[in-house]
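Worksheet: one structure, shown below.
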Amino acid sequence: MNKKRDRLEVIYDILKTIQNNGNSIKPTPLLRYSNLSSQRFTQYFKELKENNFIKDEKDKKGKRYITLTDKGFNYLSKYKSILEFIDEFHL
Amino acid sequence: MPRPPFFGINPLLEMALTLIVIIICLLIYFRTKDLYELSLHKGIKYFRFAFLFFAFAFALRFIFPITMFLFNERLFRSYTGFLMTFVGMMAILCILYSLLWKKLDSKNNFYIIISIAIIISFITTILRVGFLILSFQIILFILIVIISYWDSFKSRKRKKYFKLSFLYTLLFFAWFFDITSHFAFMFSLNTKLTFNIISICLFLIIYYKVYQKTKVKKK
C-alpha cells in the first residue's frame with residue numbers, strides 16, 4: 001500500500017506533471033494526474049498560484065492552461081536538496 | 092562600579108570570537124533562505140529563526156558589557172537584560188519547536204513561543220535572578236536533547252540522527268558553560284577562552300552541515 005504523500009511531495013508531483021507536459025497543461029488533466037481529491041487539488045492549486053510557483057493563463061481561444069514560473073522550476077531543481085536538508089536536521 | 096567591558100579575556104580576542112559566532116549564525120540563517128522560501132517548511136523556518144536569535148543573543152552579549160559600562164542606569168540595564176534573556180529563550184524555543192512542530196502543529200504556535208519567552212524574560216528581569224534564566228534555559232535544552240535522542244532511537248536512520256543528537260548535546264554544554272561564565276564569572280581565563288572556541292567549533296560544524304546540503308550541485 002502506498003504511504004500518504006506529504007505536502008512537499010504533492011507539490012513536487014504537481015509541478016513535475018506540468019513540466020513533463022511541455023510546461024503547459026489544462027487544469028482538468030492536471031487534477032487527474034495529481035491523484036488528489038478535487039477539494040485538496042483546489043487547495044494546492046491556490047497555494048501554488050499565490051506563492052508564484054505556477055501561472056494560470058489563457059490562450060488565444062480563451063482556454064485556460066497552467067505553466068510553471070521560474071520559482072516553480074527552481075523548486076523542481078532543489079526538491080532533492082530540500083528533502084536532504086530536512087532529513088539531515090531531522091526537521 | 093560596573094566592571095569594564097569584556098573583563099576576563101583579552102577584550103579584542105573576546106570581541107573577535109563573539110563576532111565569529113555571530114557571523115556563523117547569520118550565515119546559517121541566510122544560507123537556508125532559499126530552501127525555506129521554496130518549501131515554506133515549518134521545521135526549516137524555526138531552525139532558521141533559532142540561528143537568527145542566536146546571532147542576536149551573541150550580538151547583545153557583545154554590546155551588553157559596553158552599555159553597562161557606559162550607562163550604569165538601573166532601568167537601562169534592566170531593558171538590556173530583558174532583551175538578552177528574551178532572544179536567548181527565543182533561540183532555544185525555536186530549536187525545540189523545529190523538532191516538535193509535527194506533533195504540536197497549530198497556527199498560533201509562534202505567538203505561544205513569543206509569549207513564553209516574554210513571560211520568562213519578564214519574571215527573571217523583575218526578580219533579578221540570573222540563576223532562574225540559567226535554570227529555564229537548561230531545562231529547555233535538556234528537553235531538546237531528550238527529544239532528539241528519543242527520535243533517533245525510534246528512527247530507522249538511528250546512526251545518522253544520533254550524530255545530530257550528539258551535536259545538540261555539545262551545543263547544550265557550550266551554551267551552558269558560556270552563560271554560566273557570563274553570570275558567575277567563576278571560570279579561569281583559559282577555561283573561558285576554551286569554551287568560546289568550543290562554541291565556535293560547534294556552530295562551524297552546524298554551518299558545514301548546512302553548507303553541504305545547500306550548495307549548488309553541478310550536473
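Note that the protein sequences, when read in sequence, are chains A and B.
Note that our numbering has the first sequence beginning at 1, numbered continuously upward.
Note that our numbering has the second sequence beginning at 92, numbered continuously upward.
Even for Gly, the Cβ is constructed at its ideal location relative to N, Cα and C.
As the structure is a computational prediction, the values presented were derived from the model and not from experiment.
- Measuring C-alpha to C-alpha distances from V10 (chain A) to each of A:D59, A:T67 and A:N35 identifies A:N35 as the nearest.
- For Y299 (chain B), the closest of B:I229, B:I210 and B:L118 by C-alpha to C-alpha distance is B:L118.
- According to DSSP, residue pairing for D56 (chain A) in a beta bridge involves A:I66.
- Flagged as an interface residue toward chain B: F89 (chain A), by a C-beta distance shorter than 8 Å.
- One finds H90 in chain A with Cβ atoms closer than 9 Å to the Cβ of D242 (chain B), taken in chain order.
- Here A107 (chain B) is exposed. Its C-beta has fewer than 16 other C-beta atoms within 10 Å.
- M175 (chain B) has its alpha-carbon roughly 20 Å from the corresponding atom of K283 (chain B).
- Secondary structure remark: continuous alpha helix (DSSP H) runs of at least 4 residues inside the stretch 21 to 54 of chain A, in chain order: 27 to 34 and 38 to 50.
- Across the structure, R139 (chain B) and I66 (chain A) are spaced so that their CA atoms are roughly 33 Å apart.
- Under the three-state reduction of DSSP output, L258 (chain B) falls in the helix class.
- The stretch 57 to 72 of chain A and the stretch 214 to 234 of chain B do not touch, with fewer than 3 CB-CB distances between them shorter than 8 Å.
- For I217 (chain B) and F177 (chain B), the gap between their C-alpha atoms comes out near 13 Å.
- If you draw a straight line from the Cα of L231 (chain B) to the Cα of F173 (chain B), it comes to about 18 Å.
- Residues of the stretch 260 to 272 of chain B with a Cβ closer than 8 Å to any Cβ of chain A: none.
- For the pair R152 (chain B) and T109 (chain B), the CB atoms are nearer than the 8 Å cut-off.
- For K78 (chain A), the chain B residues whose C-beta falls within less than 8 Å of its own C-beta are D125, L126 and L129, listed in chain order.
- L195 (chain B) and T271 (chain B) have their C-alpha atoms some 31 Å from each other.
- DSSP places R249 (chain B) within a helical segment (H, G or I) once states are collapsed to three.
- Under the Cβ criterion of 8 Å, T305 (chain B) is counted among the residues facing chain A.
- Taking 8 Å as the cut-off, the Cβ atoms of W192 (chain B) and Y240 (chain B) do not count as close.
- A distance of 8 Å or more separates the beta carbons of I214 (chain B) and L184 (chain B).
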